[in-house]
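Going line by line, the protein sequences match chains A and B.
Numbers 1 to 205, taken from full-length UniProt numbering, label the letters of the first sequence in order.
Numbers 1 to 205, taken from full-length UniProt numbering, label the letters of the second sequence in order.
Protein chains: 2
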Amino acid sequence: MKSLPGPVERLIDHFAKLPGIGPKSAARIVFQLVHAPAEYVSDFADSLVSIKRDIAFCRECHNITDQGTDTCAVCSNPSRDHSEILVVEDILDLFAFERTGSYKGIYHVLGGLISPVEGIGPEQLNIGTLVARVKRLVSDSTVELVIATNPNLEGEATGMYLKEELEGIAGVSITRLARGLPSGADLDYADSTTLERALSGRSGF
Amino acid sequence: MKSLPGPVERLIDHFAKLPGIGPKSAARIVFQLVHAPAEYVSDFADSLVSIKRDIAFCRECHNITDQGTDTCAVCSNPSRDHSEILVVEDILDLFAFERTGSYKGIYHVLGGLISPVEGIGPEQLNIGTLVARVKRLVSDSTVELVIATNPNLEGEATGMYLKEELEGIAGVSITRLARGLPSGADLDYADSTTLERALSGRSGF
């Protein structure tokens, strides 16, 4: 933008790089912040710094946790079922399940999906720690591993890889999320793969 | 969100309060920042603080300018036409005109519109400084004041108020932005007020 002061331009650039924010919304945000109280803006800035300073990653599942704690709120909760591990791509997926309030097991965050196109191999994901963790847990009880990667090409490939790596371990059962019609869906608009899955996976009524 | 570390929740709240960002996009942004390099995040935070620390408002037109300068890049530019003042609601509007690259006059930022519903009267806007500025400028030459408020109820009312306040000053002519069809419009979809304005304001071809 012409004749914008440097600090304004720099902040617009920062906001415009965030997911889902274009240059126009970034400018709108920054011009609002220009008029916001100084304390509000410095509190926002402090909040940003705190995300790196006060956050750590869970040693067990790689979820985020408070700095200074080894394990996250889920892993350190004895009332969660530690024999059921939901394997998700990232922390956003973990919190999507936490919001349902009905999952009582624990998680493992892969930190991505296997993607030859983007040069991401299994060794860059948190798979080694998952294998070690499962081996440790099966000494106490059987373990169910629920593969909860997205139902797309990369999610499927990663799920297949995990199945091959882990199914040999005694005491481990591997399942994956049900496929079918989403709640509130319109049969008319559902794609044929979804319809096929819904039909082949039909259950008693 | 359940079991989210405090700093994460606080930053999500901050982002969710910004215009155009909902709680879901805020979470997506924050989880991306959690994984971003610490220098990147601290640079972002510094950028935020700088918006209050390094920015001032132009004494003449109330546009933003670098801290330590009295007047903005437009007002301090001698090659701009200082006898033509475009009166806009806010800085975003000013930069919308600057982006066209074709306006050569100067601006005056009102800082809002008269709105009895929201309790905003003329005395809360930068109208006093506009009147004083126009009186100063007319001693040198005639001045054209282009009312460029949005074509809605509040914009119209504010424009009318400005006209009444300023038309008595000798040497001042008051104009407003043309009304008509926007470029690329479809006649079929234009509302009848726009069509009436386009017809009554028709010009030679």
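Quick reminder that beta carbons are idealized off the backbone N, C-alpha and C, glycines included.
Cβ-based burial, residue i [other Cβ within 10 Å; buried from 16]
i	result
A:Ala-27	buried
B:His-14	buried
A:Tyr-107	buried
A:Glu-60	buried
B:Phe-205	exposed
B:Pro-5	buried
A:Leu-199	exposed
A:Val-117	exposed
A:Lys-52	buried
B:Leu-187	exposed
A:Met-1	For A:Met-1, the pLDDT reaches just 44, beneath the cut-off of 50, and the residue's location in the model is therefore unreliable, leaving the point undetermined.
Residues bridged to residue i [DSSP beta-bridge criterion]
i	result
B:Asp-81	B:Gly-105
B:Phe-57	B:Ile-64
A:Leu-145	A:Ile-85, A:Ile-174
A:Ile-120	A:Ser-115
CA nearest to the CA of residue i, picked from the options
i	options	result
residue 218 of chain B	B:Ile-174, B:Leu-153, B:Gly-101, B:Gly-155	Residue numbering for chain B in the displayed model covers 1 to 205; residue 218 of chain B lies beyond these limits and cannot be assessed.
A:Gln-124	A:Leu-18, A:Ser-42, A:Glu-89	A:Glu-89
A:Ile-127	A:Val-117, A:Phe-44, A:Leu-113	A:Leu-113
A:Gly-111	B:Pro-23, B:Ile-21, B:His-35, B:Glu-196	B:His-35
A:Phe-57	B:Thr-69, B:Phe-31, B:Asp-70, B:Pro-19	B:Phe-31
A:Ser-83	A:Gly-121, A:Glu-144, A:Ile-120, A:Thr-129	A:Glu-144
B:Thr-193	B:Pro-151, B:Val-172, B:Ser-203, B:Tyr-161	B:Pro-151
B:Arg-99	A:Ala-190, A:Lys-24, A:Asp-188	A:Lys-24
A:Arg-136	A:Asn-77, A:Val-172, A:Tyr-103	A:Val-172
Anticipated Cβ contact below 8 angstroms, residue i with residue j, distance rounded
i	j	result
B:Ile-55	B:Gln-67	6 angstroms
A:Val-146	A:Ala-170	So it is not a contact: roughly 19 angstroms between Cβ atoms.
B:Gly-201	B:Gly-180	6 angstroms
B:Ser-47	A:Leu-11	5 angstroms
B:Ala-45	A:Ala-38	Going by Cβ atoms, the distance from B:Ala-45 to A:Ala-38 rounds to 14 angstroms, so no, they are not a contact pair.
B:Leu-162	B:Val-87	6 angstroms
C-beta atoms of residue i and residue j nearer than 8 angstroms
i	j	result
A:Leu-166	A:Val-131	yes
B:Arg-80	B:Gly-105	yes
A:Ser-115	A:Glu-154	yes
B:Pro-7	A:Ser-50	yes
B:Cys-72	B:Ile-64	yes
A:Ala-148	A:Leu-195	no
B:Ile-29	A:Leu-18	yes
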